[in-house]
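The structure appears below as structure tokens.
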Amino acid sequence: MNDLRRISHDIESEISDHLERRVRDLRETGLTEAAAREHAETEFGDVSATERELLTIDARLDRQRRRARVWSGIGSDVRTVTRRLAGQPGATALTILTLALAIGVAAAVFSIVDQLILRPPPFLHADRLVNVLHQTGPNRPGGGLTPEKILGWQQQFAVFERLESYAGASFDLTEAVEPQQIDARVVSLGLFDMLGIRTHIGRPFAEGDGAPGSEKVAILSHEFWTSRFGGSPSVLGSHIVLNDERYTVIGVLRPGTTLLTGDEPVWLPFDLDAWGAGTPAYRFFGIGRLNAALDASQARTTADAIAAELGQSTPLTGTWYLGIDEKRSAQLTPTTRQTLFVLLGAVTLLLLIACVNVTSFALGQTLRRERELRLRAAIGAGRWRLLRECLVETLLLAAAAGLAAAVIARIALAVLLAAAPAGLAFMTTRAVEIDVRVFAIMTAAALTAGLLAGLLPGFRSSRVDLSSALRDGTRGSERGLSFGGGIGALVVIEVAMAMVLLVGSTLMSRSLIAFHAREPGFDVGKLMTVEMALPSHRYPNEQARREFFGALDAALRRQPGIEASAYAWGIPPAAGSWLARLLQAEGREPASGSLEFFANAVSPAYFETTGTRLLAGRAFTPEDADDQVIVSEAVARLLWGDEPAVGRRLRDSPKDQWLTVVGVAGNVESRRAGQRSDLQMYVPLALPRGSSVPAATGRGRSYIRQLLIVRASDPALAQAAVRQQVRVLDPYQPVGTFVSGTEIYAKPFAQQQFLLTVMSVFAGVALLLAAMGIFGILSQAVTERRREIGIRMALGAGSARLVRLLVGRGVGLAALGAAVGTIASLFGVRVLEGLLFGVTPFDAPSFLFVVAVILIVALTACWWPATRALAVDPAEVLRSG
Amino acid sequence: MAPKEGSLIQGNLDVLILRALSEGPSHGYGIARWVHAATDGALAIEDRALYIALHRLEERGWLVASWGASENNRRARYYRLSPSGRRALARKQREWSAHAAAMCKALAVKP
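Those sequence lines, one after another, are chains C and P. Sequential numbering from 1 applies to the first sequence in our numbering. Sequential numbering from 1 applies to the second sequence in our numbering.
What follows is the structure, given as structure tokens:
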């Protein structure tokens with residue numbers, strides 16, 4: 001009978017009851033049955049209208065009552081579950097905490113990856129923005145564009161709706177307390193408009209700015225404006241002096257505006273249409289907005305076809321090919337991307353492990369209460385009610401974890417961003433923050449895992465029939481004998497995933513140990529370097545530059561604490577030039593393949609300054625010409641074996657001149673893309689032509705860049721001395737950024753160090769979770785099998801056998817997990833390739849070490865349950881059973 | 001109990017029902033009889049209005065209804081006061097006394 005029918009039936013019987021009584025009373029006064037009935041009904045009024053009205057009231061009441069029942073049911077479930085969870089505060093807190101930790105950290109890492117890699121930058125039509133480079137042919141490496149190419153491509157609307165460009169240039173900012181070399185972004189007039197970049201105060205660039213003969217104007221970045229001009233609005237209309245030319249400040253950009261191209265303190269306009277002879281030759285980079293009909297790969301195909309046509313019609317301007325890539329919100333090196341993805345993988349594993357942990361916790365809960373649940377089902381507790389309890393339990397756990405995770409996520413993000421090395425510097429167009437959506441997804445994932453675990457046993461126990469429940473009730477749970485059924489499988493999965501993380505962090509540890517154990521071959525700790533860039537207009541010729549550097553050298557050597565100084569292209573391990581050439585010793589066949597070696601041009605004092613040992617021959621002298629060379633021991637051995645190398649000749653390509661070896665230097669640590677090479681060649685640094693780094697050009701001038709290397713007892717103190725001596729020699733000469741030898745040396749490994757730290761934490765937590773899983777199921781098994789254990793002991797089973805049984809089971813699960821984990825790791829560690837140093841991804845000792853750790857942890861986790869099993873008193877168990 | 005002109009207004013009917021049930025649980029017919037007797041037949045209750053009032057009071061939570069067997073073994077719906085119904089009765093009795101006293105005073109009649 002449905003509810004409305006029941007209600008209306010009730011109303012009918014109530015009214016008919018009333019009428020019956022009235023009829024009876026009236027009959028007693030002497031009326032006939034028929035007369036009494038008619039009288040009663042007239043007296044009552046319209047019966048069916050009354051019934052309708054009562055039905056409305058009662059139906060409404062019924063709905064209210066039902067809602068209240070559901071809520072009070074849930075309320076009582078919450079109370080029941082809360083009591084139960086509070087009854088085991090340790091396990092509950094641990095579950096919530098691990099889940100919260102995993103969700104929090106995962107949300108932080110996912111937010112970083114999402115916002116740095118996956119999402120487009122905050123520009124207009126960001127989904128159609130592309131970086132555009134010039135290419136010498138299809139699929140060739142890209143480079144800068146000329147204004148001519150940009151103007152040409154701006155007309156190709158089949159590919160670009162709009163195409164704008166920017167270039168970088170260095171300027172000397174003078175007329176200030178201390179001259180400073182700054183980077184400026186030179187941008188085409190439409191760039192700000194296309195990207196939607198707006199000014200904070202003042203105006204953006206407009207038609208006519210940057211044209212020859214017009215007033216020179218500049219826009220400042222918000223950061224530069226704040227730090228250099230104190231954020232004063234009076235900066236508008238004032239002047240700054242760049243390369244001795246006055247620029248009027250017309251605007252300040254909004255905070256955080258960046259094209260992701262490094263420091264961008266000053267922005268200058270460039271009028272592409274006014275391009276012609278006499279304007280500086282910038283290397284332009286394009287930013288394009290693709291035609292709405294194309295995606296990036298279609299754009300590339302179309303652009304290639306157009307480039308081929310243009311190339312034929314304009315044979316003199318070179319190729320028109322373009323490199324087209326989607327613009328992202330962060331400019332990341334491949335290593336940084338790899339690092340982030342490894343982190344992402346690690347944190348995903350951690351989250352999975354935490355989910356498995358919650359699942360096994362919920363499973364364990366239900367299994368432990370299985371007998372109770374079955375009894376309740378048998379005595380008529382509704383199936384829905386049992387299910388609801390399981391659901392409520394999981395939801396409560398997940399909700400608590402979600403709340404805690406919200407806090408943890410913020411902390412984790414702050415720690416990750418703060419701990420990230422400079423190499424991971426997240427150059428980004430937006431402040432990275434915890435993404436609510438990401439957070440919601442994480443919590444939902446954990447919730448789903450918990451719900452599945454909560455529902456499965458709920459269904460099972462709600463489906464039991466009376467007889468089996470009672471049978472089990474008298475015999476004790478059969479399920480306990482199989483060690484928690486599905487939990488065993490979960491533990492195996494958990495151990496396997498923990499193993500992957502452990503292998504990863506062990507490999508990273510070994511890399512770092514190898515890194516710290518290596519021999520630099522020079523005195524890293526005593527060096528301070530700074531780049532000196534002499535502008536061509538003040539130092540127009542070799543003589544002037546030689547005099548400046550010579551005087552600076554002499555002045556520095558007189559300073560207390562400074563032991564030596566020299567100039568070079570760079571210092572190891574990476575700041576030099578890498579050449580891949582066919583090395584050939586005179587009188588021998590050229591090498592079969594080209595070899596990569598580290599090439600450095602150095603001044604005579606370089607070896608003394610850096611502490612690079614000379615094993616044979618001599619250092620350079622000022623008189624050495626460029627056909628002389630110093631090679632590392634490894635090169636000498638490669639070309640001449642044990643024979644002395646000094647005086648021999650070599651060349652690095654069959655077409656080049658022969659170079660005479662004047663000295664053999666000790667091997668130093670040099671590396672490229674993580675790979676160490678001991679092959680090094682030094683040539684004399686020739687100051688006049690010394691611009692190995694292509695000189696970035698400001699307006700009408702060029703720079704000769706040299707790396708000044710100072711050897712000092714305290715490198716930090718050398719900075720002030722260098723600044724002071726440069727000012728004495730030339731008050732207009734800017735000094736670059738100081739970088740210590742230690743920093744340079746550690747830089748290639750900063751990311752590994754960071755990854756190692758993070759992965760070690762993840763791996764540690766994972767191991768802990770796996771250990772908890774093993775511990776949990778063994779303790780539970782002991783609890784459930786108390787009776788059986790008691791009986792066995794009463795029957796004379798040795799305690800050794802019992803311990804063997806328990807420990808064997810625990811360690812067996814761990815071993816199975818380790819086996820699965822080994823296979824998974826063999827696939828997983830591939831992602832670490834390139835981040836490792838001195839160890840291969842498939843390093844057997846690392847794998848063995850991790851397996852050993854897992855087994856030891858598993859043994860430890862077995863210990864306590866085993867002692868508890870031994871403490872079972874057979875007499876007591878038998879009595880209570 | 002024939003319907004009469006100017007029957008009881010809603011609030012008065014409610015308070016009479018509550019008062020009737022303060023004597024003990026009863027069914028609708030019993031309440032009608034009690035009112036008839038207690039007021040010497042001066043106040044007539046329309047049956048239809050009585051039942052609607054009963055169900056409304058139940059919805060309001062002042063009455064609790066339950067099914068029981070009547071004297072002749074039929075199903076009868078019994079009402080009793082809930083605690084909040086009891087409080088409501090006390091409140092309404094105070095209000096009525098004050099109201100009646102004020103009316104009597106105004107009309108210069110000794111109560």
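Every residue, glycine too, gets a C-beta built ideally from N, C-alpha and C. All of these numbers come straight from a predicted model, not from anything done at the bench.
| Query | Result |
| --- | --- |
| Local Cβ density within 10 Å of T394/C, reported as buried at 16 or more and exposed below that | buried |
| Per-residue burial, K149/C [other beta carbons within 10 Å of its own, 16 or more giving buried] | buried |
| Same chain, Cβ closer than 6 angstroms to A616/C, five either side skipped, listed in chain order | V646 and V664 |
| Simplified DSSP assignment, three categories, for S565/C | strand |
| Cβ-Cβ distance between L322/C and A303/C below 8 angstroms | yes |
| Pairwise C-alpha distance: F341/C and Q680/C | 34 angstroms |
| Contact with chain P by L501/C, beta-carbon distance below 8 angstroms | no |
| Any chain C beta carbon closer than 8 angstroms to A76/P | yes |
| Stretch-stretch touch, CB-based, cutoff 8 angstroms, three pairs: the segment 116-135 of chain C with the segment 187-197 of chain C | yes |
| H39/C, enclosing alpha helix (DSSP H) - first and last residue | E33 to F44 |
| Start-to-end residues for the beta strand (DSSP E) that takes in D325/C | L322 to E326 |
| Cβ contact check for the segment 551-571 of chain C and the segment 614-629 of chain C: 3 or more pairs under 8 angstroms | no |
| Contacting residues, own chain, Cβ-Cβ under 8 angstroms from K327/C (five flanking each side not counted) | P120, P121, F123, A126, L129, V130, N131 and I287 |
| Residues sharing a beta bridge with Y78/P, DSSP | H27/P and S66/P |
| Residue environment, T257/C, which counts as buried when at least 16 other CB atoms sit within 10 Å | buried |
| For T429/C, three-class secondary structure by DSSP | Confidence at T429/C is low in this model, with a pLDDT of 46, below 50, so its placement is unreliable and the value that follows should be read with caution. In this structure, T429/C counts as coil in the three-state DSSP scheme. |
| Residues near A354/C by beta carbon distance below 8 angstroms, same chain, minus five either side | T98, L99, L101, A102, I103, A446 and L769 |
| Buried or exposed by the 16-neighbour rule on C-beta atoms within 10 Å, applied to A346/C | buried |
| Per DSSP, the bridge partner or partners of Q897/C | An answer regarding residue 897/C cannot be provided, because it is not within the stretch 1 to 881 covered by chain C. |
| Residue-chain proximity (Y79/P, chain C), Cβ-Cβ < 8 angstroms | no |
| Burial state of G543/C, where buried means 16 or more other Cβ atoms lie within 10 Å | Note on identity: in this sequence residue 543/C is Gln, with Gly being the wrong assignment. With fewer than 16 Cβ atoms within 10 Å of its Cβ, Q543/C is classed as exposed. |
| 8 angstroms Cβ cutoff met for L806/C and A861/C | no |
| Nearest to S677/C (by Cα), restricted to the options N667/C, V438/C, V683/C and P684/C | N667/C |
| Whole-angstrom distance between F775/C and F483/C, CA atom to CA atom | Interpretation of F483/C is limited by its pLDDT of 44, a score under 50 that renders its predicted location unreliable; the figure taken from the coordinates is listed afterwards. Approximately 12 angstroms, taken between the alpha carbons. |
| Cβ-based neighbour list, R94/P, same chain, cut-off 7 angstroms, excluding 5 preceding and 5 following | none |
| Members of the segment 43-57 of chain P near chain C, C-beta cut-off 7 angstroms | E46, D47, R48, Y51, I52, H55 and R56 |
| Cβ-based contacts, 9 angstroms cut-off: residues of the segment 20-38 of chain P near chain C | H27, G28, Y29, G30, A32 and R33 |
| Enclosing beta strand (DSSP E) for G663/C [first to last residue] | L659 to A665 |
| Beta strand (DSSP E) runs wholly inside the segment 204-284 of chain C, at least 3 long, in chain order | 217-220, 239-242, 245-253 and 266-270 |
| Contacting positions in the segment 5-25 of chain C - beta carbon closer than 8 angstroms to chain P | D10, S13, E14, I15, D17, H18, E20, R21 and R22 |
| Residue(s) in a DSSP beta bridge with V187/C | Y166/C and P269/C |
| Within 8 angstroms, strictly: CB atoms of H36/P and Y78/P | no |
| Chain-ordered chain C contacts of E95/P [CB-CB under 8 angstroms] | Ordered by position in chain C, no residue passes the 8 angstroms Cβ test against E95/P, which lies about 25 angstroms from the chain. |
| Classification of K526/C by the beta-carbon crowding that lies within 10 angstroms, buried from 16 upward | buried |
| Beta carbon proximity, R66/C to chain P, threshold 8 angstroms | no |
| Per DSSP, the bridge partner or partners of V530/C | L708/C and F738/C |
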